[in-house]
Amino acid sequence: MEYFLGIDLGTQSVKVVCYDEEGNFVALASREYPILTPTPGYAEQHPETWWEKTREAIQEVLAALPEPTIRALSFSGQMHGTVMLDENLVPLCPAIIWADQRSHQEAREIREKAGEYLKLAGSDVATGFMAATLLWVRKNLPDVYRRIRFVLLPKDFLKVKLGLPPTTDVADASSTLLFNIRLRNWSEEILTTLGLDRAIFPPVHESTQVIGQVARNVREELGIKGPCLVVAGAGDQHCAALGNGVTDEGELLVTIGTGGQVFTPITQPLVDEKLRIHTFCHAIPGFWHLLGATLCAGLSLSWFKKSILDSGAHVFDFRNLDQEAQKVDAGCNGLLFFPYLIGERTPYMDPHARGAFVNLHLTHQRGHFVRAIMEGVGFGLRIAVEVFRELGVDFQRTVFSGGGARSNLWRRIIASILDMPLFTTQVREEAATGACILAMVGSGRFRSVDEATRVLVQYTHPTLPEPAWVEVYHRLYQKFRQGYTALRELSPGS
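Going by full-length UniProt numbering, the residue at position 7 of the sequence shown is 7; the numbering climbs one at a time, nothing skipped.
As structure tokens, this is what we get:
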């Protein structure tokens, strides 16, 4: 029996899943690591810590196998971040990850200098994207910048640790704002305009392409028996789509994790003229995708629980909060929550936006606040879905994923706000499973991503919209759309 590994380098943990050659789930291991914030607004991690934790998780999975024969492995990873390596492929400093906010001035600079080329990249610029981060490093850490030999996305550092030369894939690279999504390669126009050296950017491959093998000494260190192919991989959003079976036009993936995303595959590089959403290359050759994002989805609920509710020895349980919210009517008696706790992406691309509860009243209790957070996140995602529809994209099937999908109440709320049936899968760790699908396709176990997902991904019965809630949410959504402009007048940087 041969096995396949999918490795998902997330923002807070790495997860490794194993499937056998018949598509059966075999094992899972994970390890956590911190986000470092040496200065407010900074978000960093140590690349060597990623490798240390990944190695431990791989070894735990291998220990669960009757025979550690791994035919192939591939990667999923947090997107946008920046790993800077010297000529010896050693990190020059901590990685600056997607959540980092320090480069807002550089983001403005990119709009001014390279604004005419942003549609080549398929996206407006945001802090935390590699393009803005590199300009910040050049300005503020010139000694580091001068020594850069290669710049990589987070998961691609793990490939170097497996003994491969620096490389990346078209899907993840397209999230840097330095990529021509139509040509599926680095943008000479953008790099030249920003004064960035093309030589520091690695070769790019399609996500299903075999890029090499795990080096023998690394196989021995990990405990892998025999040769093991490495397949290029993709970003976590791309892999999560595969792990949820979202592989074709007319399919929508809604995810509520730390952030919230909506994702739909397309067969042409369709770009919003107003750049309210992202258009990136997909992990499936010949496909692109639209992506809308709200930065604080599950994070809003975690913030409310930890910062407002928890006190000393009294710590609230999310399940109990969910039960309290279920007792509250749809619309929370007028209470609205705007989830802009660290700025917002879709459709505003505004790092200075700030969150708020609006229409507070003495009758509002704890359950109202919890449900208002769930609804506010849903309204934010609906904005992105409506932009998709403005571009002529519609959906025959919608899949709901992430931690939010485990809440029956949140499923009903999102189904009613979007007025769509929501399917969920029985897949464990969708992004890591998506990486495993890429390993299986790249190594030839399956002929296509579609064939692989038909074997690995099964759906539950859908959660249907509640007609009475649909009406309430339609009215509240109109008010929610007005809230950003009003709140922006009170925000810093206005």
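Beta carbons: idealized from backbone N, C-alpha and C, even for Gly.
Since the model is a prediction, treat every value here as computed from it, not as a measurement.
Contact set for residue i: own chain, Cβ-Cβ below 6 Å, skip 5 residues either direction
i: D450; result: T247
i: P203; result: T167
i: E430; result: A240, G243, N244 and S401
i: F423; result: V399, Y459 and P462
i: Y330; result: Reading the sequence as shown, one finds Ala at residue 330 and not Tyr. These residues qualify, in order along the chain: W469 and V472.
i: L476; result: G331
i: L62; result: P68 and G223
i: D156; result: T168
i: T49; result: Y33
Span separating the alpha-carbon of residue i from that of residue j
i: S13; j: E44; result: 14 Å
i: D322; j: S300; result: 14 Å
i: V441; j: K139; result: 42 Å
i: G334; j: G260; result: 23 Å
i: G378; j: V218; result: 44 Å
i: Y340; j: A215; result: 45 Å
i: F280; j: A232; result: 17 Å
i: T127; j: E471; result: 36 Å
i: K161; j: K15; result: 17 Å
i: S174; j: A405; result: 28 Å
i: P467; j: M420; result: 11 Å
i: N185; j: L158; result: 21 Å
i: F129; j: S311; result: 36 Å
i: T176; j: L360; result: 40 Å
i: T11; j: L141; result: 24 Å
i: R412; j: G403; result: 14 Å
i: Y117; j: C93; result: 30 Å
i: R55; j: N24; result: 23 Å
i: L270; j: H80; result: 20 Å
i: E489; j: H352; result: 11 Å
i: T258; j: G298; result: 5 Å
i: V17; j: I7; result: 7 Å
i: L183; j: D272; result: 18 Å
i: Q396; j: F388; result: 14 Å
i: residue 507; j: L290; result: The shown model of the chain, from 1 to 494, leaves out residue 507, and the question about it has no answer.
i: K53; j: A452; result: 28 Å
i: W288; j: V262; result: 14 Å
Per-residue burial, residue i [other beta carbons within 10 Å of its own, 16 or more giving buried]
i: S416; result: buried
i: Q78; result: buried
i: P408; result: The residue asked about is misnamed: residue 408 is Asn in this sequence, not Pro. When all chains shown are included, N408 counts as exposed.
i: S30; result: buried
i: D143; result: exposed
i: G376; result: buried
i: L178; result: buried
i: residue 497; result: Nothing in the structure corresponds to residue 497, since the chain is present only between 1 and 494.
i: T485; result: exposed
i: A64; result: exposed
i: P265; result: buried
i: L153; result: buried
i: D394; result: exposed
Neighbourhood of residue i by C-beta, 8 Å cutoff - its chain only, sequence neighbours within 5 removed
i: L418; result: V254, G378, L381, R382, V385, T398 and P465
i: E443; result: Here the sequence assigns Ser to residue 443, which means Glu is not the residue at that position. Correct list, in chain order: F4, R71, A72, V210, L229 and V231.
i: K274; result: P347
i: S448; result: V441
i: H205; result: T167, T168, D169, V170, I211 and A232
i: G483; result: L336, F338, A356 and V358
i: residue 540; result: With the chain covering 1 to 494 only, the question about residue 540 has no answer from this structure.
i: E221; result: R55
i: K479; result: L336
Close beta carbons around residue i, own chain, < 7 Å, minus the five adjacent residues each side
i: A171; result: S207, A234, G235, H238, F280, C281, H282 and A283
i: residue 513; result: The displayed coordinates of the chain run from 1 to 494. Any statement about residue 513 would go beyond what the structure contains.
i: A114; result: I190, T193 and L194
i: D20; result: M1, Y3 and V26
i: V328; result: G367, H368 and R371
i: R345; result: A126, A293, T294 and L295
i: T82; result: A95, I96, M130, T133, L134 and V151
Whole beta strand (DSSP E) runs in the stretch 124–208 with 3 or more residues, listed along the chain?
150–152
Quick test of the definition: if touching needs 3 or more C-beta pairs under 8 Å, does the stretch 27–41 touch the stretch 191–203?
Taking 8 Å as the limit for Cβ pairs, the verdict is that the stretch 191–203 does not touch the stretch 27–41.
Please give the ranges of any beta strand (DSSP E) in the stretch 263–339, keeping only runs that are unbroken, at least 3 residues long and fully inside the region.
278–281, 288–294 and 336–338
Evaluate contact between the stretch 82–91 and the stretch 128–147, counting only Cβ atoms and requiring at least three cross-stretch pairs below 8 Å.
yes
Taking 8 Å as the cut-off, does the stretch 103–119 touch the stretch 128–135 (at least 3 CB pairs, one atom from each stretch)?
yes
Ordered list of alpha helix (DSSP H) runs contained in the stretch 90–116, each at least 4 residues:
104–114
Which runs of the alpha helix (DSSP H), 4 residues or longer, sit entirely within the stretch 43–95?
47–63
4 or more residues per run - each alpha helix (DSSP H) lying fully within the stretch 399–446:
408–418 and 430–442
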